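> Sequential numbering from 4 applies to the sequence shown in my numbering.
Glycine included, each C-beta is placed from N, C-alpha and C at the ideal position.
Computed from a predicted model, the values in this text were never measured in an experiment.
This structure is in structure tokens; I'll ask about it shortly.
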Amino acid sequence: MSLLKVGDLKVHFPVKPGMFRRAHQHVRAVDGVSFEVAPGETVGLVGESGCGKTTLARATIRLLKPTSGRVEFDGVDITTLGDRALRPMRRRFQMVFQDPYGSLNPRMTVESILGEAIDIHRLAPNAAVRRDRIAALLTDVGLDADHARRYPHEFSGGQRQRIGIARALAVEPRLLVCDEPVSALDVSVQAQIVNLLQDLQDRHGLAYLFVAHDLAVVRHISRRILVMYLGRVVESGEAACVCGDPKHPYTQALISAVPVVDPASKRVRIVLGGDVPSPINPPSGCPFHPRCPVAEARCRQEVPALREVASGRSVACHAVEVRGPGLGC
Ligand code: SF4
């Protein structure tokens with residue numbers, strides 16, 4: 004059974020021409036996305052800036068109210084829950100934010116930051132248990148128990164992200180939504196944080212929804228990948244299949260931009276023309292057609308449905324043939 008099940012989720016933001024005027028247009032930030040995350044699984048969500056992946060991640064754990072669609076966590080539909088009913092559920096899904104500098108209150112010690120989450124959910128019956136829990140959390144993320152008395156500004160960027168992860172773990176969640184958790188860090192520190200997340204997953208059986216624009220990082224950590232473009236999933240499947248044999252022209256362009264270590268590699272970089280179109284007024288037909296190097300006449304008219312083209316592999320493109328269920332990649 005899935006831990007997280009998202010069905011036809013839409014998040015549209017009204018665009019108001021003035022303070023007292025009615026909205027006639029909407030930003031379709033997320034436009035009918037469906038996916039599942041199994042317990043202990045990592046699903047990567049990748050796409051350029053502005054493709055809707057952060058909005059999707061936030062709506063998935065009700066930091067944003069979706070316009071329509073359904074989000075089930077452990078079989079419970081959380082899209083319609085009120086704040087009071089949602090509060091105990093929040094313990095089971097937590098978020099790790101992109102900015103380790105801005106996401107921690109500079110006036111609070113690490114002990115207060117971690118203790119706040121423990122207190123809200125009443126997870127420590129007394130001060131001694133609370134202290135031990137905070138020390139264990141810091142050790143778990145590779146920090147020293149003595150760091151509890153320090154303030155965020157006394158740590159490096161990587162250490163601050165470790166504190167952010169410890170804060171998320173403080174309430175013993177089952178799912179972490181990681182929103183670009185390493186993109187603000189140096190490359191050497193990025194690897195340490197990704198390794199830490201994998202280690203924590205092995206030890207605690209956590210599931211991750213890992214959001215990033217860097218396909219190399221997403222490929223490294225994810226079992227399955229969803230590729231987003233203009234608020235929709237255009238390709239999904241096993242990470243090895245999507246990265247080893249990308250089907251959608253947009254995924255092919257993303258893969259071609261990942262640096263290759265082997266100097267003998269003959270991979271050709273696909274450079275996409277133009278910018279990502281406005282989600283207020285997306286192009287007709289396939290939203291990718293103005294930038295697609297293989298667009299045909301029908302691409303300007305018909306929206307391609309996300310179809311299963313092989314076992315566990317779905318692509319939204321008229322040009323991709325269906326190989327049939329049961330056939331790998
Ligand atoms: Fe390109 Fe057409 Fe496929 Fe869209 S549907 S990705 S425009 S070939």
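(1) Which whole-angstrom value is the C-beta distance of Val185 and Ile196, which I expect to be below 8 angstroms?
(2) Tell me which residues share the same chain as Phe16 and place their Cβ nearer than 7 angstroms to its Cβ, disregarding the 5 neighbours each side in the sequence.
(3) Measure from the alpha carbon of Gly240 to the alpha carbon of each residue in Ser37, Arg136, Gln164, then state which is nearest.
(4) Given 7 angstroms as the limit, tell me if Phe100 has its C-beta closer than that to any heavy atom belonging to the ligand SF4.
(5) Is Gln304 buried or exposed, if buried means 16 or more other CB atoms sit within 10 Å of its CB?
(6) Grouping DSSP H, G and I as helix and E and B as strand, with all else coil, what is Val99?
(7) With the cut-off set at 8 angstroms, would you say Ile2 and Leu107 are in Cβ contact?
(8) Does the segment 248-265 come close enough to the segment 282-297 to have 3 or more Cβ pairs within less than 8 angstroms?
(9) From Thr142 to Glu44, what distance separates their C-alpha atoms?
(10) Can Val297 be considered in contact with the ligand SF4, in the sense that its beta carbon sits closer than 7 angstroms to one or more heavy atoms?
(11) What whole-angstrom Cβ distance do Leu178 and Leu212 have, given they're in contact under 8 angstroms?
(12) Classify Glu119 as helix, strand or coil using the three-state DSSP reduction.
(13) Within the present structure, is the beta-carbon of Pro307 separated from the nearest heavy atom of the ligand SF4 by less than 7 angstroms?
(14) What's the C-alpha gap between Ala210 and Arg301?
(15) Name the DSSP beta bridge partners of His29, please?
(16) Can you give me the start and stop residues for the beta strand (DSSP E) that Gly43 sits inside?
(17) Just to check my reading of the structure: Thr58 and Val14 have Cβ atoms closer than 8 angstroms, yes? What is that Cβ distance to the nearest angstrom?
(18) Select from Pro176, Arg95, Ser259, Leu218 the residue whose C-alpha is nearest the C-alpha of Arg227.
The answer reads as follows:
(1) 5 angstroms between Cβ atoms; contact.
(2) Cβ neighbours of Phe16 beyond the five flanking positions: His29, Val30, Ala32.
(3) Each of Ser37, Arg136, Gln164 was checked against the Cα of Gly240, and the nearest Cα belongs to Ser37.
(4) No, since every heavy atom of the ligand SF4 falls outside the 7 angstroms radius drawn around the Cβ of Phe100.
(5) Gln304 is exposed by the Cβ-count criterion.
(6) Three-state DSSP puts Val99 in a strand.
(7) It is not possible to answer for residue 2, since the shown part of the chain is limited to 4 through 332.
(8) With the cut-off at 8 angstroms, the segment 248-265 and the segment 282-297 touch.
(9) Cα atoms of Thr142 and Glu44: separation of roughly 24 angstroms, rounded to the nearest angstrom.
(10) True, at least one ligand heavy atom lies under 7 angstroms from that Cβ.
(11) Indeed, because the Cβ distance is near 7 angstroms, the residues count as touching under 8 angstroms.
(12) Glu119 falls in the helix class under three-state DSSP.
(13) Yes, Cβ of Pro307 sits closer than 7 angstroms to a heavy atom of the ligand SF4.
(14) Their Cα atoms are separated by approximately 40 angstroms.
(15) In DSSP, His29 forms a bridge with Pro17.
(16) Here Gly43 belongs to no beta strand (DSSP E), and DSSP marks it neither H nor E.
(17) Indeed, because the Cβ distance is near 5 angstroms, the residues count as touching under 8 angstroms.
(18) Just measuring C-alpha positions, the residue of Pro176, Arg95, Ser259, Leu218 sitting nearest Arg227 is Leu218.
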